[in-house]
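Report on the structure given below.
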Amino acid sequence: MKTGVYHSIPLYLSSRENYRGKRRIFQLLAKAASVGNTQISNFSFGLGQCIIDAIPGGQLFHGIVGLSAHTGGQLPETFVGAMFRRKLIEEEIFSFCFASNHEYLGDGVIVFGTLLRWCYHGEVTYIPAGEKWSVLINFIGVYQGQLLVNSFTAFVDTGTQFIDGPRTEIDKINGLLEVVGILNEIYYVNCNKMPQYPTLLISLSGLQVALTPREYVTVMRNDTGEFCFSAFSSHEQTEWYFGTMLIRNFYTVFDPRRSLIGFAPACFRFE
């Protein structure tokens with residue numbers, strides 16, 4: 120991997136505790152993007168991070184994954200593709216990791232053209248990706264236990280916070296937890312029972328990922344105390360979307376030219 124020419128953009132997110140119980144979640148990161156003295160395009164992108172009622176001002180923007188996407192013909196080229204064609208980066212890839220108030224990273228970093236070795240442990244494992252960054256999920260189950268959901272396709276989507284799936288399958292997964300209420304398709308669970316919740320195993324095109332309760336249950340606090348909710352959220356559609364509550368556990372690499380997504384354990388924890 121060449122590392123001579125690359126660019127990075129720190130992520131500074133706001134209102135991490137701003138929870139309002141709404142469905143779609145975005146945080147605007149940039150309205151116009153420039154690298155050095157070159158403006159790539161009037162390209163906005165966001166991150167499924169804070170639950171808010173609507174996109175501020177109704178601006179057109181993507182999730183981070185959208186840096187490799189076109190938008191209905193309105194943008195003549197993709198962001199990362201434009202950087203590569205203008206020789207601002209040596210590899211047409213981008214990668215990112217999330218953190219929480221890190222001394223140097225802020226809330227994370229997006230890197231264009233290379234990998235940041237100090238952001239992840241071990242090696243990056245690449246899996247093939249289909250249209251709109253869809254990946255084959257072999258199964259979701261309990262670690263060394265029962266099979267919960269078998270063989271489906273999911274879209275890796277940084278414009279979504281939750282792991283969204285059909286209600287029947289999501290009910291089966293969240294049935295392993297002590298659900299205390301469901302609001303706007305979000306499953307609230309008993310925080311005190313979190314040590315008793317099982318470790319889950321997800322197989323992404325053969326790459327097996329174990330998720331501990333700490334990694335798939337979010338704890339939030341306000342003036343009245345704390346509450347917890349599951350990363351698995353339901354909808355009435357048949358599609359699955361893997362959002363930031365899964366992706367936050369990884370250093371993630373997108374290779375649009377080869378249609379690959381790479382995952383490695385992240386060095387930092389994003390709360």
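With the first letter of the sequence shown counted as 1, position 16 gets the number 135 in the working numbering; the numbers rise by one all the way through.
The beta carbon of each residue, even a glycine, is placed where N, CA and C say it ideally should be.
No experiment lies behind these values; they were computed from the predicted model shown.
Item to check | Inside the stretch 267–318 only - alpha helix (DSSP H) runs reaching at least 4 residues | outcome: If we require 4 residues or more, the alpha helix (DSSP H) runs fully inside the stretch 267–318 come out as 286–293.
Checklist entry - Can you tell which of Phe-382, His-354 and Cys-238 has the C-alpha that lies nearest to the C-alpha of Pro-285? => result By one-based count along the sequence shown, residue 285 stands at place 166. Looking at the Cα atoms, His-354 is the closest of the given residues.
Next on the checklist: Can you check which of these residues, Arg-236, Ala-201, Asn-269 and Thr-279, is closest to Phe-387 by C-alpha distance?
Outcome noted: On the sequence shown, position 268 is the one that residue 387 refers to. Here the closest residue by C-alpha is Arg-236.
Next on the checklist: By the three-class DSSP mapping on this structure, what secondary structure does Phe-387 have?
Outcome noted: Taking the first residue of the sequence shown as position 1, residue 387 is located at position 268. Looking at Phe-387 - three-state DSSP - the assignment turns out to be coil, as it is neither helix nor strand.
Checklist entry - Rounded to a whole number of angstroms, what is the C-alpha to C-alpha distance between Phe-145 and Ile-301? => result In the sequence shown, counting from the first residue as 1, residue 145 sits at position 26. In the sequence shown, counting from the first residue as 1, residue 301 sits at position 182. Confidence at Phe-145 is low in this model, with a pLDDT of 31, below 50, so its placement is unreliable and the value that follows should be read with caution. Each residue's alpha carbon lies about 22 angstroms from the other.
Checklist entry - Should the stretch 235–255 be regarded as contacting the stretch 331–346, the criterion being three or more beta carbon pairs within less than 8 angstroms? => result The stretch 235–255 makes no contact with the stretch 331–346: fewer than 3 CB pairs, one atom from each, lie closer than 8 angstroms.
Checklist entry - On the three-state DSSP scale, how would you describe Ala-350? => result As a working note, residue 350 is residue 231 in the sequence shown. Shown here, Ala-350 sits in coil according to DSSP, grouped into three states, outside any helix or strand.
Item to check | Buried versus exposed call for Gly-232 [16 or more other C-beta atoms within 10 Å across all chains shown] | outcome: For the purposes of this step, residue 232 is taken as residue 113 along the sequence shown, with counting starting at 1. Per the 10 Å Cβ criterion, buried.
Item to check | Under 8 angstroms between C-beta atoms of Thr-363 and Gln-280 | outcome: The count along the sequence shown starts at 1 and reaches residue 363 at position 244. The count along the sequence shown starts at 1 and reaches residue 280 at position 161. Going by C-beta atoms, Thr-363 is nearer than 8 angstroms to Gln-280.
Item to check | Boundaries (first-last residue) of the beta strand (DSSP E) holding Ile-246 | outcome: Indexing the sequence shown from 1 puts residue 246 at position 127. 244–247 is the extent of the beta strand (DSSP E) around Ile-246.
Next on the checklist: Quick check on the burial criterion: 16 or more other C-beta atoms within 10 angstroms. Buried or exposed for Thr-287?
Outcome noted: Within the sequence shown, the letter at position 168 stands for residue 287. Exposed, by the Cβ-count rule.
Next on the checklist: So the candidates are Phe-373, Ala-273 and Cys-310; which of them puts its Cα closest to the Cα of Tyr-360?
Outcome noted: If you number the sequence shown from 1, residue 360 lands on position 241. The shortest C-alpha to C-alpha distance from Tyr-360 to any of Phe-373, Ala-273 and Cys-310 is the one to Ala-273.
Item to check | Endpoints, the beta strand (DSSP E) within which Ile-256 is located | outcome: For the purposes of this step, residue 256 is identified with residue 137 of the sequence shown, where counting begins at 1. From DSSP, the beta strand (DSSP E) with Ile-256 extends over 253–261.
Checklist entry - Around the C-beta of Asp-283, are 16 or more other C-beta atoms found within 10 angstroms, so that it is buried, or is it exposed? => result The count along the sequence shown starts at 1 and reaches residue 283 at position 164. Asp-283 should be labelled buried.
Checklist entry - Bridge partners of Asp-374, per DSSP? => result Within the sequence shown, the letter at position 255 stands for residue 374. Paired residues: Leu-379.
Checklist entry - Which residues share a DSSP beta bridge with Gln-327? => result The residue labelled residue 327 in the question sits at position 208 within the sequence shown. DSSP lists Ser-322 as partners of Gln-327.
Next on the checklist: Helix, strand or coil for Ile-229? Go by DSSP, reduced to three states.
Outcome noted: Walking along the sequence shown from the start, residue 229 turns up at place 110. Strand.
Checklist entry - Would the beta-carbon of Pro-384 fall within 8 angstroms of that of Gly-227? => result The residue you call residue 384 lines up with position 265 of the sequence shown. The residue you call residue 227 lines up with position 108 of the sequence shown. Taking 8 angstroms as the Cβ cut-off, Pro-384 and Gly-227 do not qualify as a contacting pair.
Checklist entry - So which of Gly-381, Phe-348 and Thr-244 has the shortest CA-CA distance to Gly-294? => result Translated into the one-based positions of the sequence shown, residue 294 becomes position 175. Answer by Cα proximity: Phe-348.
Checklist entry - With 16 other CB atoms within 10 Å as the buried threshold, where does Gly-278 fall? => result As a position in the sequence shown, residue 278 is number 159, starting the count at 1. When all chains shown are included, Gly-278 counts as buried.
Checklist entry - By DSSP, does Thr-363 sit in helix, in strand, or in coil? => result Locating residue 363 in the sequence shown gives position 244, where the first residue counts as 1. Look at Thr-363 here: in three-state DSSP terms it is helix.
Next on the checklist: What residue range does the alpha helix (DSSP H) around Arg-236 cover?
Outcome noted: Residue numbering aside, residue 236 sits at position 117 when the sequence shown is read from its first letter. Here Arg-236 belongs to no alpha helix (DSSP H), and DSSP marks it neither H nor E.
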